[in-house]
Each structure stands twice: as C-alpha cells, then as structure tokens.
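Start counting the sequence shown at 173; every next residue gets the next number (the numbering used here).
Heads up: the structure comes next, in structure tokens.
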Amino acid sequence: MTRQYDFQNLSFDDFERLAGDLLSKELGVRLESFRSGRDGGVDLRYAPSSDSTLVVQCKRFSPDAFTRLLNVVRRDEMPKIVRLNPARYILVTSCELNPQNKDDLFSALAPYSRALGDIYGATELNALIRKHGEIEKKHFKLWMGSTEILEKVLHSGIYNYSHHETQRLKTELARYVVHEGFYRALQLLDTHHHCVILGMPGIGKTTAARLLLAHYLNEDFEVVSVSGDIEEAWSVVDRVEADKKLIVYYDDFLGQIGHAQKLGKNEDKRLLDLLEHCRESKTKRFILTTREYLFDQALDAHEPLSRASEEIRQSTVTLDDYTMLVRARLLINHLTFSKIPHSFIDQLVESETCNKLIRHQNFLPRLIEGICTDSFLEGKTPESFGVAAIQRLDDPASVWTHPFRHLTREAQLLLYTLVSLDGEHEKSSLEICYIALRNAICHGSVPRYFNDVLHEVEGSFTTSQRYSARAASTPMQPTWIIRFINPSAREFVLTDAICRPEILDSIFRASLHYRQALFWQEGRYTFQEQPVADVVRPYCSLWFGRGLQLIKSVSPELLSWQGTVDFQPSVSITRRLHELIDAASAIDALSEQDKVIAEYVGQDATKLVELFSSPNVYWLPEVVPALIKAMKSETVNWKQILTEVVSTAAPGPYGSDLQSLRYHWDAVQLLMYAIDVDEQDEERIKVAFQEKAEEAADEITEDLSADEIEDAEEQMAALGRSLNSDFVEKKALLSGLKQIATEREEKKQRDAKNEELADSYGPDEDDGVDEEDIESLNINALFKELSASLERL
Numbered sequence: 173m174t175r176q177y178d179f180q181n182l183s184f185d186d187f188e189r190l191a192g193d194l195l196s197k198e199l200g201v202r203l204e205s206f207r208s209g210r211d212g213g214v215d216l217r218y219a220p221s222s223d224s225t226l227v228v229q230c231k232r233f234s235p236d237a238f239t240r241l242l243n244v245v246r247r248d249e250m251p252k253i254v255r256l257n258p259a260r261y262i263l264v265t266s267c268e269l270n271p272q273n274k275d276d277l278f279s280a281l282a283p284y285s286r287a288l289g290d291i292y293g294a295t296e297l298n299a300l301i302r303k304h305g306e307i308e309k310k311h312f313k314l315w316m317g318s319t320e321i322l323e324k325v326l327h328s329g330i331y332n333y334s335h336h337e338t339q340r341l342k343t344e345l346a347r348y349v350v351h352e353g354f355y356r357a358l359q360l361l362d363t364h365h366h367c368v369i370l371g372m373p374g375i376g377k378t379t380a381a382r383l384l385l386a387h388y389l390n391e392d393f394e395v396v397s398v399s400g401d402i403e404e405a406w407s408v409v410d411r412v413e414a415d416k417k418l419i420v421y422y423d424d425f426l427g428q429i430g431h432a433q434k435l436g437k438n439e440d441k442r443l444l445d446l447l448e449h450c451r452e453s454k455t456k457r458f459i460l461t462t463r464e465y466l467f468d469q470a471l472d473a474h475e476p477l478s479r480a481s482e483e484i485r486q487s488t489v490t491l492d493d494y495t496m497l498v499r500a501r502l503l504i505n506h507l508t509f510s511k512i513p514h515s516f517i518d519q520l521v522e523s524e525t526c527n528k529l530i531r532h533q534n535f536l537p538r539l540i541e542g543i544c545t546d547s548f549l550e551g552k553t554p555e556s557f558g559v560a561a562i563q564r565l566d567d568p569a570s571v572w573t574h575p576f577r578h579l580t581r582e583a584q585l586l587l588y589t590l591v592s593l594d595g596e597h598e599k600s601s602l603e604i605c606y607i608a609l610r611n612a613i614c615h616g617s618v619p620r621y622f623n624d625v626l627h628e629v630e631g632s633f634t635t636s637q638r639y640s641a642r643a644a645s646t647p648m649q650p651t652w653i654i655r656f657i658n659p660s661a662r663e664f665v666l667t668d669a670i671c672r673p674e675i676l677d678s679i680f681r682a683s684l685h686y687r688q689a690l691f692w693q694e695g696r697y698t699f700q701e702q703p704v705a706d707v708v709r710p711y712c713s714l715w716f717g718r719g720l721q722l723i724k725s726v727s728p729e730l731l732s733w734q735g736t737v738d739f740q741p742s743v744s745i746t747r748r749l750h751e752l753i754d755a756a757s758a759i760d761a762l763s764e765q766d767k768v769i770a771e772y773v774g775q776d777a778t779k780l781v782e783l784f785s786s787p788n789v790y791w792l793p794e795v796v797p798a799l800i801k802a803m804k805s806e807t808v809n810w811k812q813i814l815t816e817v818v819s820t821a822a823p824g825p826y827g828s829d830l831q832s833l834r835y836h837w838d839a840v841q842l843l844m845y846a847i848d849v850d851e852q853d854e855e856r857i858k859v860a861f862q863e864k865a866e867e868a869a870d871e872i873t874e875d876l877s878a879d880e881i882e883d884a885e886e887q888m889a890a891l892g893r894s895l896n897s898d899f900v901e902k903k904a905l906l907s908g909l910k911q912i913a914t915e916r917e918e919k920k921q922r923d924a925k926n927e928e929l930a931d932s933y934g935p936d937e938d939d940g941v942d943e944e945d946i947e948s949l950n951i952n953a954l955f956k957e958l959s960a961s962l963e964r965l
C-alpha cells in the first residue's frame with residue numbers, strides 16, 4: 173500500500189533529518205547538518221569547495237500554509253541567502269505546492285535556485301520516500317503515524333487507547349525521539365530475536381517497547397502482551413503454528429515496583445526456555461522491560477538466570493544514558509506538540525531554562541510530559557512557568573500530589589481500590605470492589621454513579637481499554653480493563669494508601685479479591701515514611717484472614733493477543749498460600765500467622781488433601797509444614813490423609829511433570845516425618861513414587877526439544893537422589909531421545925545459517941551528525957530554531 177504523508181507528526185528537527193537523508197540519497201552527496209548557522213539561512217550544506225556550496229533550507233509548515241511560507245521566504249530568508257551567496261539553493265517544505273506555488277517560490281529564490289526541481293513540496297517528498305524505501309523504513313515516526321499502522325497498533329492492544337483516541341496516539345508518537353538505544357534494541361531483536369530493555373521509571377522503556385512492537389506489526393507479526401507470568405506467553409506460543417509470526421511483550425516482568433520474589437518457582441527456567449525458543453525461531457520475537465536494579469537482583473537471586481547472565485546481558489539495552497542531544501530533541505518535541513503559547517517557549521529559550529531542564533539530574537521523559545500539559549500551564553505566566561518547571565524536576569513526586577488532592581473523595585477511593593487490585597482490573601469487577609470500599613468509608617452519603625466517578629479520573633490517573641473477553645464455556649463478549657495511566661501514578665496512590673491507616677484498614681476489611689490482602693507488599697521498596705512492616709503488622713490477622721477467605725477468588729488475567737482477556741477458571745491455591753505465609757514471615761508476624769492458619773484449617777483434613785491434588789504443586793513443600801503445625805490433633809486420621817495425598821501424585825504426558833512429582837514427593841516426606849510413619853509404610857510409599865516416575869518418563873518422546881528432554885533428565889536425576897533409585901534404564905532412554913532431538917535442531921540451525929541475515933538498523937554513518945559534531949553541537953541554536961519554527965506555524 174502506498175502511503176501519503178503530511179509530515180505533521182514530525183517536529184522541525186525530525187523533518188530536517190528526514191529531508192537530509194532523502195536529498196543525500198537522491199543527490200548522491202553527503203549533506204551535513206549545519207546547526208551553528210541556525211540564524212544564517214542554512215539547515216543542510218554540501219561544500220566541496222568555497223565556490224560550489226549547496227545550501228538546503230527546510231521549512232515545516234502545515235499543508236495549506238503556502239502564503240505564510242512565501243512571506244517567510246521573501247521577508248526572512250532572501251536577505252540571508254544573498255549574504256551566503258551559495259552556488260545552489262534548495263528549499264524543502266511540508267506544504268502542498270501546486271504549479272503556481274512553485275513558480276512563485278522559484279521567482280522569489282532566483283537566481284539561487286537553479287530550476288523548479290530545487291523546490292521540494294509535500295508531493296515531491298512523498299515521491300522520494302517511495303523511491304528510497306530504506307529511508308522510509310529508518311524514519312519510524314514517519315510511517316508509524318500513518319492511518320494503516322495506527323489501526324494495526326490500536327487493534328493489537330499494545331497502547332492503552334481506544335479507537336476514538338487515535339489522535340492522542342499520534343501525538344504521543346510525535347513526541348518520541350528515536351535514539352541510539354532504540355536502534356540497538358531493534359538490532360538485537362533482528363539478530364538474537366529477544367531483547368531486555370532496562371531503565372529507571374519514567375525513562376521511556378514502555379514507549380520504546382511499544383514502538384518496537386509497532387515496527388513488527390508492520391512486518392505482519394501478531395503481539396502477545398503478558399501481564400501475569402511467563403506461562404501466559406507459553407500458553408499462546410504452544411498453540412500457534414510453528415511458522416506463525418508472533419512477538420511476545422512482557423512489560424515490567426520483574427514487577428512495576430518490586431517484589432523480593434517476583435519470579436515463581438520454575439518461572440526463571442521457563443523464561444530462559446522461551447528466550448531460547450525465540451532465538452532459534454525465525455518467526456518469534458520476545459521483548460521484556462524492567463528496572464535495572466531489579467534485573468541485577470533477579471540474576472543474583474535465581475540460579476538459572478545467574479548461570480545464563482552473561483548471555484542475557486548481551487541482549488540488554490539500558491535507556492538511562494540519554495545524551496544531551498536526545499534530551500534536547502525530546503524537550504523540543506514535547507513543546508512543539510503541546511498547547512504551550514509561543515510567548516512561554518520564547519521565555520524558556522531566552523532565560524536558558526531549556527538548557528537547565530535538559531541538564532537537570534532528574535530529567536525524565538515522563539516529567540517533561542507532565543510540564544507540557546494544560547493542567548500544569550494553568551494560572552502561570554511565561555516567567556513563572558519556567559520556574560515551576562524546574563521546581564517540578566526538583567520534586568518529581570509533586571506531579572501527582574496536586575491533582576490527587578483536587579479529586580473528590582469518591583474518585584480517590586476508586587484509585588485506592590484500583591491500586592489494591594494490582595493497578596489493573598476488569599471494569600465490572602472493579603466497580604463491585606469500589607462500592608464495597610466506598611460503603612465501608614462513606615456512611616450515609618448518596619453515592620454517585622460509578623461511571624461518573626471513573627470519568628473524573630480517566631485520562632489523568634487512569635486509562636481504559638476495550639477487549640474481547642473469554643471464559644470457559646461462554647461466548648466472546650466485550651469488556652473493559654481499567655489501569656493506571658503509568659507506573660508513577662500507581663506508585664503515588666499506593667504510597668498514599670499505606671500512609672493512611674483508615675484507608676489501609678478499610679481496604680483489608682472490604683476486600684473482595686485475594687490480591688487486595690497483599691497489595692501493600694509492593695510498597696516495600698518505595699514507601700519512605702517508615703518500614704512497611706511496621707505499618708501492616710498490626711493488621712496481620714485481618715489481611716491474612718481475608719486472604720485465606722478469598723484464596724479461591726478468580727480474577728481476569730490480561731492476555732492481550734488479538735485484543736482478548738482470559739477469565740481464568742482456577743487459581744493456584746498452593747502458590748497463594750505460600751505468598752501469604754511468605755508475607756507474614758517478611759514482616760515477622762509468625763505468631764499471628766499460626767493463629768489464623770489454625771482457624772482456617774481447623775481439624776478439616778480436606779484442605780490439606782486439596783493442596784496435594786492441585787495441578788500446581790511447586791510451592792507444596794513450603795506450605796505443608798505450616799498446615800501440619802496448625803492441624804496437630806489426636807483426632808486427625810493422619811494415615812488416611814497420607815494414603816489420599818500419595819494417590820493424588822499422578823504423572824502427566826510431559827517431562828516437566830517429573831518436576832511436579834519431585835515437589836510432591838518432597839511434601840510427602842515432610843508429612844511422613846511429621847506423623848512419624850513406620851519404615852514399612854515409608855518404603856511402600858517410596859516404591860509407589862518410583863513407579864510413578866518411571867511411568868512419567870515413558871511418556872517423553874523425541875517430539876520434545878533437546879532442552880526439554882535435558883530438563884527431564886535433570887528432574888529424573890533429582891528424583892533418583894531423593895528416592896534412592898538410579899533409574900538407569902530410564903535415564904539411558906532420555907539420553908537417546910535427547911541425542912535425536914539435538915541432531916534435529918542442529919540441522920535446523922545449519923539450514924537457517926544458509927539463509928540471508930536480517931537487515932541491520934540504525935543511524936547511517938552519513939546521517940549528518942557524527943560523534944564529534946554532537947559534542948560540539950550548539951543546543952542553544954536548536955532551541956532558538958524551535959522558537960522560530962513555532963512562530964512560523
């Protein structure tokens with residue numbers, strides 16, 4: 173499909189660099205960016221000698237602004253051109269030019285423009301773009317703003333916008349600066365097929381990832397956005413065809429704020445498996461984002477990740493190192509596409525506040541976005557605006573304080589409810605939880621409609637996105653997911669909730685979902701008033717008890733693949749129980765924990781048997797001791813319990829179930845030790861598990877990958893050590909299957925190497941600015957050109 177661009181999503185600086193690349197290619201010369209001459213009538217220059225200088229001037233106007241363009245050329249540009257006296261002068265503009273328009277400009281620029289062909293309007297630029305497709309591909313912001321790509325992006329769900337907010341999405345794309353980190357990430361995805369994007373909150377990790385996804389959407393990939401754990405991604409990867417183009421997006425995969433144990437048991441191994449799967453596949457890609465310190469902690473805390481750390485780091489990109497040039501361009505883009513009056517921008521430039529902002533130690537794209545909003549502009553003069561902008565960077569948290577305090581009480585309660593639900597929830601369920609919290613706090617007042625309350629925070633604190641929802645045995649139906657507009661808004665509301673005892677107490681008492689009992693955990697790394705443990709310990713019996721009552725509650729799991737949300741029919745009670753026990757242990761509230769567990773379990777052995785029959789028993793060895801301790805009584809038939817839990821350990825059709833069998837056996841051992849079984853019963857049970865292990869190994873076939881078979885070998889060895897059994901024949905069988913799988917995969921790799929490597933991406937060496945030019949760049953002149961550009965517009 174042929175695209176026609178109007179160039180309005182490009183800043184004057186973006187437009188100039190596009191024009192430079194196109195003309196360099198078309199003319200066969202290296203045009204240099206001539207920033208030191210900003211006020212001298214030169215944007216781009218080719219000067220092989222003093223008497224044959226080619227000057228290019230770039231003017232970004234709206235498509236129908238020819239009259240203004242002609243006046244600027246006659247009044248402002250011609251005196252500069254006469255002074256420069258170039259051998260040839262080329263004008264490039266985003267205006268639509270008809271033949272008469274070109275004649276008028278040619279007359280005004282005579283004799284410096286040699287022919288009508290030295291004047292490029294929007295039509296001529298689009299022709300050059302079609303002719304030089306590699307230039308179009310390189311300038312991401314150009315084609316990402318096209319209608320067809322925006323439709324793909326919106327349909328994929330990678331932005332939190334609905335269809336009527338397309339213009340808002342175009343503005344966000346226009347503000348972005350495509351920098352070196354973005355190009356490095358794209359190159360890693362093309363070569364390694366996966367990339368981890370690191371950076372502090374607000375630096376632009378998510379935006380960079382979304383633009384990368386948009387690039388792959390343009391290459392006909394489908395997007396899978398993971399929000400829970402890595403098994404969500406595997407569930408999709410496993411059910412699509414091998415040649416299906418798929419890119420997996422796992423945003424903030426170690427937690428938006430930080431968990432001591434974000435990755436669940438075996439999730440680290442499954443994560444590595446998916447990285448390897450994507451690396452070997454021609455049709456799969458994988459993008460992850462997280463904070464750098466959380467990434468370092470995860471590599472230290474998880475042995476499989478630690479062993480593979482060197483290889484993983486080769487596929488990481490850190491975004492914290494923005495150059496001054498990138499910072500300047502980012503600020504320019506935000507000012508260009510904001511509603512800030514020209515007089516305010518003039519004052520920012522003249523007072524050198526722009527320079528102070530880009531050199532500020534707290535410079536972040538998210539903060540720059542905040543100072544370019546209508547709400548921040550309100551009530552300020554040109555002079556006070558610059559002062560307030562510096563103060564905002566001095567105190568980044570203040571970006572949310574003022575707007576939050578001006579919300580109604582009900583709107584604040586809605587945000588407290590959302591943050592207690594992990595900051596993202598399905599609308600109808602959120603409404604029910606909000607009403608419960610509101611009724612617990614606002615006694616007797618007349619409630620407002622939920623939609624009216626949601627409308628109050630939408631766009632400032634929250635954003636909504638429509639999905640198709642699916643649940644077991646029900647047809648697809650539309651649903652809305654409400655989430656915080658960005659992580660910093662979520663962090664602010666979380667901290668505020670923890671600071672307020674009446675809110676904390678009410679959330680625990682009114683909670684209707686299991687996650688609300690543990691939402692405070694995410695404040696352990698950001699809450700500064702006092703240790704979070706001291707705040708929540710007095711409420712331990714309350715939140716622990718509510719967690720146990722709600723342990724089976726089901727919530728929608730957001731899996732954005734072709735715009736869908738899955739409503740999970742079941743949950744891992746074992747894992748949730750471990751989370752509760754681990755949370756109580758982390759704040760040193762074990763006595764309260766023991767009391768609440770005793771009340772929950774009582775003498776009912778059913779709950780213990782249910783845990784052993786759960787499909788996910790990874791955390792079973794960790795939770796069984798606490799339950800046994802709570803159930804100590806002579807009235808409990810422990811022998812009957814033991815018989816029942818052993819019978820639940822049934823192997824499945826895949827080698828990974830050997831690991832589940834091992835965890836099951838570890839838990840059974842703890843149970844046998846606690847009830848002191850005799851040697852004869854212990855041996856009988858051990859033999860039963862040996863038989864189950866052999867049965868599971870028999871189900872493994874060469875259809876599995878070599879890595880999967882190797883994992884099964886490791887699990888068989890671990891089981892053998894625990895059960896005092898060698899499994900000699902079974903391990904030999906697995907080794908043979910692994911050899912077959914390895915040879916098959918090596919052949920695939922050899923075949924792949926014979927195919928053409930993917931194109932490389934990144935700035936060309938002749939993009940007009942080399943490293944030495946960047947060091948000596950006159951950023952003040954760049955800001956002055958911003959002022960002049962906005963005046964023309």
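For each residue, glycine too, the CB sits at the ideal point set by N, CA and C.
In this text, all values refer to a predicted model and were calculated from it rather than measured experimentally.
What separation, rounded to the nearest whole angstrom, lies between the Cα atoms of Glu522 and Leu690?
Taking the sequence shown and counting its residues from 1, the one referred to as residue 522 is at position 350. Taking the sequence shown and counting its residues from 1, the one referred to as residue 690 is at position 518. Distance between the alpha carbons of Glu522 and Leu690 is about 51 Å.
Anyone know if the C-beta pair for Val795 and Ile753 falls short of 8 Å?
By one-based count along the sequence shown, residue 795 stands at place 623. By one-based count along the sequence shown, residue 753 stands at place 581. In this structure, Ile753 lies closer than 8 Å to Val795 by Cβ.
Please check the pair Thr379 and Tyr348, which I expect to be a contact at CB under 8 Å, by giving their CB distance rounded to whole angstroms.
Within the sequence shown, residue 379 is the residue found at index 207, counting from 1. Within the sequence shown, residue 348 is the residue found at index 176, counting from 1. With 8 Å as the limit, Thr379 and Tyr348 qualify as a contact, their Cβ atoms being about 6 Å apart.
From Ile653, Asn298 and Met844, pick the residue whose C-alpha is nearest to that of Glu603; which is it?
Taking the sequence shown and counting its residues from 1, one reaches residue 603 at position 431. It is Ile653 whose Cα lies nearest to the Cα of Glu603.
Is it true that the CB of Ser570 sits closer than 8 Å to the CB of Arg564?
For the purposes of this step, residue 564 is identified with residue 392 of the sequence shown, where counting begins at 1. For the purposes of this step, residue 570 is identified with residue 398 of the sequence shown, where counting begins at 1. Result yes, Cβ atoms of Arg564 and Ser570 sit closer than 8 Å.
Anyone know if the C-beta pair for Ile459 and Ile419 falls short of 8 Å?
Here residue 459 corresponds to residue number 287 of the sequence shown, with the count starting at 1. Here residue 419 corresponds to residue number 247 of the sequence shown, with the count starting at 1. Going by C-beta atoms, Ile459 is nearer than 8 Å to Ile419.
Residues that Thr488 bridges to, as DSSP identifies them:
Locating residue 488 in the sequence shown gives position 316, counting from the first residue. For Thr488, which the question treats as bridged, DSSP gives the partners Val368.
Alpha carbon to alpha carbon, how far is Ser285 from Leu297? Give it in angstroms, no decimals.
Your numbering for residue 297 matches position 125 in the sequence shown. Your numbering for residue 285 matches position 113 in the sequence shown. When rounded, the distance between both Cα atoms is 17 Å.
Segment contact flag, the region 593-612 with the region 667-674, C-beta cutoff 8 Å, min 3 pairs
no
For Val489 and Ala294, which I take to be in contact (beta-carbon distance under 8 Å), what is that distance rounded to the nearest angstrom?
Translated into positions along the sequence shown, residue 489 becomes position 317. Translated into positions along the sequence shown, residue 294 becomes position 122. Val489 to Ala294, Cβ: 35 Å. No contact.
Ignoring anything shorter than 3 residues, give me the beta strand (DSSP E) runs that lie fully in the region 379-464, in order along the chain.
394-398, 418-422 and 456-462
When the distance is taken between beta carbons, is Asp760 closer than 8 Å to Tyr711?
Along the sequence shown, one-based indexing puts residue 711 at 539. Along the sequence shown, one-based indexing puts residue 760 at 588. Not in contact: Tyr711 and Asp760 (Cβ atoms no closer than 8 Å).
Secondary structure of Val618, DSSP reduced to three states:
Counting from one through the sequence shown, the residue named residue 618 turns up at place 446. If DSSP states are grouped into helix, strand and coil, Val618 belongs with coil.
Minimum Cβ-Cβ distance from Asp829 to chain E less than 8 Å:
As a matter of chain content, chain E is missing from the structure shown, which is built from one protein chain.
Kindly confirm or deny that the region 244-263 and the region 220-228 touch, where touching means at least three C-beta pairs closer than 8 Å.
yes
Please tell me whether Ala480 and Leu444 are closer than 8 Å, where the distance is taken between their beta carbons.
Here residue 480 is taken as the residue at index 308 of the sequence shown, counted from 1. Here residue 444 is taken as the residue at index 272 of the sequence shown, counted from 1. Yes, the Cβ-Cβ distance between Ala480 and Leu444 is below 8 Å.
Exposed unless 16 or more other CB atoms sit within 10 angstroms - verdict on Glu943
Looking up residue 943 in the sequence shown gives position 771. Because the pLDDT at Glu943 is just 46, under 50, the model does not fix this residue reliably, and the value given afterwards should be weighed accordingly. By the 10 Å Cβ count, Glu943 comes out exposed.
Here's the rule: buried if 16 or more other CB atoms are within 10 angstroms of the residue's CB, otherwise exposed. What is Leu792?
Counting from one through the sequence shown, the residue named residue 792 turns up at place 620. By the neighbour-count rule (16 or more Cβ atoms within 10 Å), Leu792 is buried.
Alpha carbon to alpha carbon, what distance is there between Tyr218 and Val201?
As a first step, residue 201 is located in the sequence shown; it is residue number 29 there, counting from the start. As a first step, residue 218 is located in the sequence shown; it is residue number 46 there, counting from the start. Roughly 7 Å separates the two Cα atoms.
Kindly indicate the opening and closing residues of the alpha helix (DSSP H) around Leu497.
Position 325 of the sequence shown, counted from the start, is the residue given in the question as residue 497. Leu497 -> alpha helix (DSSP H) spans Met496 to Thr508.
Beta bridge counterpart(s) of Tyr292 as assigned by DSSP:
Working through the sequence shown from its first residue, we reach residue 292 at position 120. Tyr292 pairs with Val264.
State yes or no: is the C-beta of Gly551 within less than 8 Å of the C-beta of Gln519?
Locating residue 551 in the sequence shown gives position 379, counting from the first residue. Locating residue 519 in the sequence shown gives position 347, counting from the first residue. Contact flag unset, no.
How close, in whole Å, do the beta carbons of Thr635 and Ile657 come, if the pair is a contact with beta carbons under 8 Å?
Looking up residue 635 in the sequence shown gives position 463. Looking up residue 657 in the sequence shown gives position 485. Right, the Cβ-Cβ distance comes to about 5 Å (below 8 Å), so this counts as a contact.
Tell me whether Asp938 sits in a helix, a strand or coil according to DSSP, three-state version.
Position 766 of the sequence shown holds residue 938. Low confidence applies here, because Asp938 scores a pLDDT of 44, under 50, leaving its location unreliable; read the following figure in that light. If DSSP states are grouped into helix, strand and coil, Asp938 belongs with coil.
Near Asp211, what residues of its chain come up, given a Cβ to Cβ distance below 6 Å and the 5 sequence neighbours on each side ignored?
Residue mapping note: residue 211 aligns to position 39 of the sequence shown, counting from 1. Its pLDDT being 48, under 50, Asp211 is placed unreliably by the model, and the measurement read from it follows with that caveat. Answer for Asp211: no residue qualifies.
Spatial distance of Leu322 from Asn390 (CA atoms):
For the purposes of this step, residue 322 is taken as the residue at position 150 of the sequence shown. For the purposes of this step, residue 390 is taken as the residue at position 218 of the sequence shown. One C-alpha to the other measures close to 10 Å.
Give the DSSP-derived three-state secondary structure of Gln649 in the structure shown.
Sequence index remark: in the sequence shown, residue 649 carries index 477 (1-based). Gln649 falls in the strand class under three-state DSSP.
In angstroms, rounded to a whole number, what distance separates the CA positions of Asp392 and Arg531?
Taking the sequence shown and counting its residues from 1, one reaches residue 392 at position 220. Taking the sequence shown and counting its residues from 1, one reaches residue 531 at position 359. Computed Cα separation, rounded: 40 Å.
Locate the beta strand (DSSP E) running through Gln272, then write down its first and last residues.
The sequence position of residue 272 within the sequence shown is 100, counting from 1. Element bounds for Gln272: not the beta strand (DSSP E) but the alpha helix (DSSP H), Pro271 to Leu281.
Assigned secondary structure, Leu226 (DSSP; H/G/I helix, E/B strand, else coil):
What you label residue 226 is simply residue 54 of the sequence shown in a count that begins at 1. In the structure shown, Leu226 sits in a strand (DSSP, three-state: E or B).
Residue range of the unbroken beta strand (DSSP E) whose run includes His685:
Start at 1 with the first residue of the sequence shown, and residue 685 comes out as number 513. His685 -> no beta strand (DSSP E), and no H or E assigned at all.
Straight-line CA distance for Glu475 to Asp440?
Working through the sequence shown from its first residue, we reach residue 475 at position 303. Working through the sequence shown from its first residue, we reach residue 440 at position 268. Each residue's Cα considered, the two are about 9 Å apart.
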